[in-house]
Amino acid sequence: MGFLFSLSGRVARLPFIAFVIGVKLAIEAIGYAQRQYMPPLPIDDMMIAAIPGVITLVLMWPLFAVTVKRLHDIEWPAVLALVQFIPLIGIVIFFTRSQYYTADAEHLARMFEWAGIGLNIMALISFGLFLLLAVIPGVNRTNRFGPPPGVVRMAEEAY
Numbered sequence: 187m188g189f190l191f192s193l194s195g196r197v198a199r200l201p202f203i204a205f206v207i208g209v210k211l212a213i214e215a216i217g218y219a220q221r222q223y224m225p226p227l228p229i230d231d232m233m234i235a236a237i238p239g240v241i242t243l244v245l246m247w248p249l250f251a252v253t254v255k256r257l258h259d260i261e262w263p264a265v266l267a268l269v270q271f272i273p274l275i276g277i278v279i280f281f282t283r284s285q286y287y288t289a290d291a292e293h294l295a296r297m298f299e300w301a302g303i304g305l306n307i308m309a310l311i312s313f314g315l316f317l318l319l320a321v322i323p324g325v326n327r328t329n330r331f332g333p334p335p336g337v338v339r340m341a342e343e344a345y
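Under the working numbering, think of the first position of the sequence shown as 187, with each following residue one higher.
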């Protein structure tokens, strides 16, 4: 459980990549199944449509924790892990602001178009962080966050 919830220690590239891709695939699979197999819902039953969003919120902390540990492994500041939440923050800001915005259909369509462009840019920044963390190798020596990830496992198995 320390892998998912603790901010201490280090994580190598392969476990990081496997975890992040697994989380993203799970969220996308649930969203796809929901879009394909759920009948259209009346507005009163829209809470069930939020299932992928709720699952995303539940998985935010483990995703953050694993990213922080990956940043520890390459000796980068842990605050960079917040970059992956930029798209989520953009979505929240957009939808909280747009509910108070009353305009004709043309202005509303233009607003959604610009919001889509902004969210795509934010998602690219987040994806860029993932790519950097997936490609840059960890430090091969013990740093202030502990020994390299493989060393701990070998030492534990020896005892």
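All C-beta atoms, glycine included, are put in the ideal place defined by N, C-alpha and C. Everything numeric in this text was worked out from a predicted model, so none of it was measured.
Residue i versus residue j - alpha carbon distance
{"i": "Gly336", "j": "Leu200", "result": "11 Å"}
{"i": "Ile241", "j": "Pro333", "result": "33 Å"}
{"i": "Arg296", "j": "Thr328", "result": "52 Å"}
{"i": "Val269", "j": "Ala291", "result": "33 Å"}
{"i": "Met308", "j": "Glu299", "result": "14 Å"}
{"i": "Ala204", "j": "Leu249", "result": "11 Å"}
{"i": "Gly276", "j": "Gly304", "result": "8 Å"}
{"i": "Leu257", "j": "Gly302", "result": "29 Å"}
{"i": "Asn326", "j": "Gly239", "result": "38 Å"}
{"i": "Ala267", "j": "Tyr218", "result": "27 Å"}
{"i": "Trp247", "j": "Val209", "result": "12 Å"}
{"i": "Ile322", "j": "Gly188", "result": "23 Å"}
{"i": "Leu294", "j": "Asn306", "result": "18 Å"}
{"i": "Tyr345", "j": "Gln220", "result": "Summary for Tyr345: the model assigns pLDDT 48, below 50, so the residue's position carries little reliability; its value from the coordinates is reported in the next sentence. Their Cα atoms are separated by approximately 48 Å."}
Residue i vs residue j beta-carbon contact at 8 Å
{"i": "Ile237", "j": "Ile207", "result": "no"}
{"i": "Asp259", "j": "Arg330", "result": "no"}
{"i": "Leu184", "j": "Phe202", "result": "In the structure displayed, the chain extends from 187 to 345; residue 184 sits before or after that span and is not available."}
{"i": "Gly324", "j": "Ala198", "result": "yes"}
Inter-residue CB distance, residue i and residue j (contact presumed, cutoff 8 Å)
{"i": "Ile279", "j": "Ser312", "result": "Not confirmed; about 15 Å, so no contact."}
Proximity to residue i [Cα-Cα], best of the options
{"i": "Leu245", "options": "Leu274, Met224, Ala264", "result": "Leu274"}
{"i": "Val252", "options": "Arg330, Val325, Leu317, Ser194", "result": "Ser194"}
{"i": "Phe346", "options": "Tyr218, Gly239, Val254", "result": "Missing from the structure shown is residue 346; the chain here goes from 187 to 345 and no further."}
C-beta neighbour in chain C for residue i, strict 8 Å
{"i": "Gly336", "result": "Any reference to chain C falls outside this structure, which holds one protein chain only."}
Checklist entry - Where in the region 236 to 321 do unbroken runs of the alpha helix (DSSP H), each at least 4 residues long, occur, reported from the N-terminal end onward? => result The qualifying runs are 237 to 259, 272 to 284, 291 to 321.
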